[in-house]
Amino acid sequence: MKLTHDFIERNSWLMIILIVLVVAVGGLVEIVPLYFQRQTTQPVAGIKPYEPLRLVGRDIYIREGCYNCHSQMVRPFRAETLRYQGHYSVAGEFVYDHPFQWGSKRTGPDLARVGGRYSDEWHRVHFNNPRDVVPESNMPAYPWLAASGVEGVDVQARMRALGKLGVPYTAEQIAKAPEELKGRTELDALIAYLQGLGVEMRSVRTGG
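Residues -3 to 204 (our numbering) make up the sequence shown, in order.
This is the structure in structure tokens:
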């Protein structure tokens, strides 16, 4: 019996097995080496784990579904780097993101380099009513964030869980985490998260 093209096409189960085999081998060849390349598993110099307030803000970002309209990945095209004023995104800047927030839809602008581009007050007004600062915006308002505190958030458990995934939080950082959330609101946390996006990467790339 010869595995001719015609024979394979006439035997659907054989074709399925061969397709799965080819896809599996191809996937292993493409994916497995990434786990052993330093540029994909090691953080870019200057990238640090999220501070407790920013970590809580990131969870709020995910909870509110911000990733549905905003990406966090500057693609490797000149138009992208000029528009977002920074180097294109690289794997090493996301090693502490679990899960990463690359996204694929840009109903709103990409946020990978938004840190420091607007003041905290601008963000406060924007979250309360986006059209007060961007008249054509179709983003929904989030007024309840300013009234919701974060002191009750068990950020220590979150940090310990991330530690098991390789995020280098120290016992001292975890112990002090609740203190850093005292008197803060969900809006404070979300703004802190946004204000840090891309800042470390920008300073690394510009030498600042």
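Ideal Cβ placement from N, Cα and C applies to all residues, glycine included. This one's a predicted model, so the numbers in the text were calculated from it and none came from an experiment.
With distances taken between CB atoms, is the gap from residue i to residue j smaller than 8 angstroms?
i      : j      : result
Leu141 : Thr181 : yes
Leu177 : Leu17  : no
Ile187 : Asp128 : no
Tyr165 : Glu60  : no
Thr77  : Val86  : no
Looking at the secondary structure, which residues open and close the alpha helix (DSSP H) in which residue i lies?
i      : result
Ala173 : Ala167 to Leu177
Tyr189 : Glu182 to Gly192
May I ask you to report which of helix, strand or coil DSSP gives residue i?
i      : result
Ile15  : helix
Gly162 : coil
Thr77  : helix
Gly23  : helix
Gly213 : A question about residue 213 goes unanswered here, because the residues of the chain that appear run from -3 up to 204.
Gly112 : coil
Gly208 : As displayed, the chain neither begins before -3 nor continues past 204, which places residue 208 out of reach and without an answer.
Gly53  : helix
Cutting at 7 angstroms between CB atoms, please list the residues of its own chain near residue i, excluding the five before and the five after it.
i      : result
Val163 : Pro45 and Tyr92
His119 : Ile187 and Leu190
Starting from the C-beta of residue i, find all residues in its chain whose C-beta is less than 6 angstroms away, skip the five residues before and the five after it, and write them out in chain order.
i      : result
Met197 : Glu89
Gly159 : Tyr165
Enumerate in chain order the residues of its own chain whose CB-to-CB distance from residue i is below 8 angstroms, with the five nearest sequence positions on each side excluded.
i      : result
Arg109 : Val70, Tyr80, Gln81, Gly82, Leu193, Gly194, Met197 and Arg198
Three or more beta-carbon pairs under 8 angstroms between the stretch 94 to 113 and the stretch 56 to 72, yes or no?
Flag = yes, the stretch 94 to 113 and the stretch 56 to 72 touch.
For the structure I just gave you, are there three or more beta carbon pairs, one from the stretch 152 to 163 and one from the stretch 41 to 61, closer than 8 angstroms?
The stretch 152 to 163 vs the stretch 41 to 61: in contact.
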